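Undergrad:
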Amino acid sequence: MNSPTLQRYVRTETLIGAVINAIFSVLFVFLIFSGQSHIGMTGEGGLLIDSVPQGLAIGLMGAFFPSFLTRKRIKGGQVSVDSSAQSASKLPTHPFVRALLFALASGVVSLLLFVLLSAAIGSVSFTQALILKTVWGGLLGGMVSYIALQFALRDYAA
1200 MNSPTLQRYV RTETLIGAVI NAIFSVLFVF LIFSGQSHIG MTGEGGLLID
1250 SVPQGLAIGL MGAFFPSFLT RKRIKGGQVS VDSSAQSASK LPTHPFVRAL
1300 LFALASGVVS LLLFVLLSAA IGSVSFTQAL ILKTVWGGLL GGMVSYIALQ
1350 FALRDYAA
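Residue numbers (our numbering): 1200 to 1357.
1. Could you tell me which of Val-1343, Asp-1281, Arg-1210 and Ala-1356 sits nearest to Phe-1264, measuring between CA atoms?
2. For my contact list, Met-1240 and Ser-1317 are in at a C-beta cut-off of 8 Å; report their separation, rounded to the angstrom.
3. Quick check on the burial criterion: 16 or more other C-beta atoms within 10 angstroms. Buried or exposed for Glu-1175?
4. To the nearest angstrom, how far is the alpha carbon of Ile-1330 from that of Val-1228?
5. Measuring CB atoms only, is the region 1234 to 1250 touching the region 1299 to 1318, in the sense that at least three cross pairs come out at less than 8 Å?
6. Excluding the 5 residues flanking Thr-1292 on each side, which residues of the same chain have their C-beta closer than 7 Å to its C-beta?
7. Output the distance between the C-alpha atoms of Arg-1367 and Pro-1252, rounded to the nearest integer angstrom.
8. Along the chain, where does the alpha helix (DSSP H) that runs through Gly-1321 open and close?
9. Can you look up Gly-1261 in the DSSP assignment and give me helix, strand or coil?
10. Taking 8 Å as the threshold, find out whether the region 1254 to 1264 comes into contact with the region 1332 to 1352 through three or more Cβ pairs.
11. Apply the 10 Å Cβ neighbour rule to Asp-1249 and answer buried if 16 or more other Cβ atoms are within range, or exposed otherwise.
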């Protein structure tokens, strides 16, 4: 699984996942928080509450599309993986069911991060919220895509 072509595939797909999730994070910050000069970390409409749907969405989509596309590309011969020395994980093989597990994990991780941030920060400006949510969306999207790809390459090669 360490061929240069496969490494390039993983890098490209991970970058795509990070960029798409960062862009969606920007769009949702404008949709949800536009017109607010200061945004609380806690309370109704705060970043803490918003972190849960952001984490769930990124986990779901960030795992589903790489898993689905990788499975399809392996079956179609566009992606070649040497599966001789690998054993399958215990994750479900269906990409959507697998993505649901990633969504739950990402929602929890996102919530925990924003709980920690809430303990340190009372509120942020719209610009700070935009930067925070965009960076977090890109990082989480990249991490989810990378991990989902590693499992997909391992599990769907057989």
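For each residue, glycine too, the CB sits at the ideal point set by N, CA and C.
Just so you know, these numbers come straight off a predicted model, no measurement behind them.
TA: Considering the structure as presented:
1. One-based indexing of the sequence shown puts residue 1264 at position 65. Closest option to Phe-1264, Cα to Cα, is Val-1343.
2. The sequence position of residue 1240 within the sequence shown is 41, counting from 1. The sequence position of residue 1317 within the sequence shown is 118, counting from 1. Going by Cβ atoms, the distance from Met-1240 to Ser-1317 rounds to 4 Å, so yes, they are a contact pair.
3. Past the boundaries of the shown model lies residue 1175; the chain is included only from 1200 to 1357, so the question cannot be answered.
4. Within the sequence shown, the letter at position 131 stands for residue 1330. Within the sequence shown, the letter at position 29 stands for residue 1228. About 10 Å.
5. The answer is yes - the region 1299 to 1318 touches the region 1234 to 1250, with three or more Cβ pairs under 8 Å.
6. Numbered from 1 along the sequence shown, position 93 holds the residue referred to as residue 1292. Excluding positions up to five away in sequence, the list reads Asp-1354.
7. Here the chain has residues from 1200 to 1357 only, and residue 1367 is not among them.
8. For the purposes of this step, residue 1321 is identified with residue 122 of the sequence shown, where counting begins at 1. No alpha helix (DSSP H) contains Gly-1321, which DSSP labels as neither H nor E.
9. Within the sequence shown, numbered from 1, the residue matching residue 1261 stands at position 62. In the displayed model, Gly-1261 falls within a helix according to three-state DSSP.
10. Below 8 Å, enough C-beta pairs join the region 1254 to 1264 and the region 1332 to 1352 to call them touching: three or more.
11. Locating residue 1249 in the sequence shown gives position 50, counting from the first residue. Counting of Cβ neighbours within 10 angstroms places Asp-1249 among the buried residues, the total reaching 16 or more.
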